[in-house]
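Structure first, commentary second.
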Amino acid sequence: AKTYSTHRQLLGLARRLGGFVVDTHQVGGTCPDAFVAIRGTWHAVEIKSVRGRLTKGQSTLKASAPLFVWRTDEDVWKAFRIRLDVLQVRRPEPPRAGSL
């Protein structure tokens, strides 16, 4: 089974965000690359390069069952329902002792 350079990176990010990852990319065929539990719900995940396309079997699977297609970190954030614009907001520094 073919893996992309981002395979490890994206599944690692999912783990850091609290997901439980079962990597199944070696099964091949129409089996998704991984299954990821996010907040107690399992999701099938197919990992593709930025320009990679789903095979006919993967497209059929996606049409009949939920399937995340992850290409970038942003796709993983979206799966975890974490908004990027919220993450980029800087929190104000707490006041220093004696400055009040």
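For the sequence shown, the numbering used here gives the first residue as -4, with consecutive numbering after it. Cβ atoms here follow ideal geometry from the backbone N, Cα and C, with glycine treated the same way. Source: prediction; values computed, not measured.
query = What's the C-alpha gap between residue 64 and residue 89?
reply = The residue labelled residue 64 in the question sits at position 69 within the sequence shown. The residue labelled residue 89 in the question sits at position 94 within the sequence shown. Roughly 40 Å between the two C-alpha positions.
Spatial distance of residue 72 from residue 6 (CA atoms) = In the sequence shown, counting from the first residue as 1, residue 72 sits at position 77. In the sequence shown, counting from the first residue as 1, residue 6 sits at position 11. Answer to the nearest angstrom: the Cα atoms are 12 Å apart.
key: Limits of the alpha helix (DSSP H) - the one that residue 38 falls within   = For the purposes of this step, residue 38 is taken as the residue at position 43 of the sequence shown. Per DSSP, residue 38 belongs to no alpha helix (DSSP H); it is in the beta strand (DSSP E), 36 to 42.
Cβ neighbours of residue 45 in the same chain (closer than 6 Å, five flanking residues each side left out) = Position 50 of the sequence shown, counted from the first residue, corresponds to residue 45. Excluding positions up to five away in sequence, the list reads 66.
query = How would you call residue 68, buried or exposed, if buried means at least 16 neighbouring beta carbons within 10 angstroms?
reply = As a working note, residue 68 is residue 73 in the sequence shown. It counts as exposed.
query = From 9, 26, 35 and 8, pick the residue whose C-alpha is nearest to that of residue 56; which is it?
reply = Position 61 of the sequence shown, counting from 1, holds the residue named residue 56. Out of 9, 26, 35 and 8, 26 has the C-alpha closest to the C-alpha of residue 56.
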